[in-house]
Amino acid sequence: MARKLRRARRLVVDAGNVYMWSVRHRHTRDGSGTHDCRTTLSLWREGTQQRLAVVFREGPGRAVSGGYLTSGAVVSGGTWLNLHEPGVARRFLDAATARGLLPDTPRTVETDGWPLLEAVAGDVPAGPAG
């Protein structure tokens, strides 16, 4: 049975801290034909409108899900992560919290995900489990 990867999921940090998270992929083109391919990990405290959008845009040496990669995949150099994995989402939440990136007012804050990828990769396997 296929799970619904786009739905918001709960991430329990401790009894007083419950976060929600979701992963989305989007392709857009502007009037000049420029193509933007991105995958976004959204994190927010349950019951609030304080959302952090961790955005991964495709670029030289960097790939995101869509086409040949599985849903939620982000790849840079030898680092491969699947944003649909709860442990990966938790690592991004911890890294964002440590850097003070989570908004403290009802709004959405967007941040580049690639610098955070290096911080959370640590001992995560370099490729998908076979």
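Following the UniProt record's numbering, the numbering of the sequence shown begins with 1 at its first residue and continues without gaps.
Ideal Cβ placement from N, Cα and C applies to all residues, glycine included.
query	result
CA nearest to the CA of Ala15, picked from Glu46, His35, Thr28, His25	Glu46
Through-space distance from Met20 to Leu115, alpha-carbon basis	Correcting the residue identity first, residue 115 is Pro in this sequence and not Leu. Rounded to whole angstroms, Pro115 to Met20 spans 22 Å at the Cα level.
8 Å Cβ shell around Leu69 - same chain, five flanking residues per side excluded	Ala63, Val75
Secondary structure of Arg99, DSSP reduced to three states	coil
Supposed contact pair Arg10 and residue 174 - C-beta distance, whole angstroms, cut 8 Å	Outside the displayed range of the chain (1 to 130) lies residue 174, so it cannot be described from this structure.
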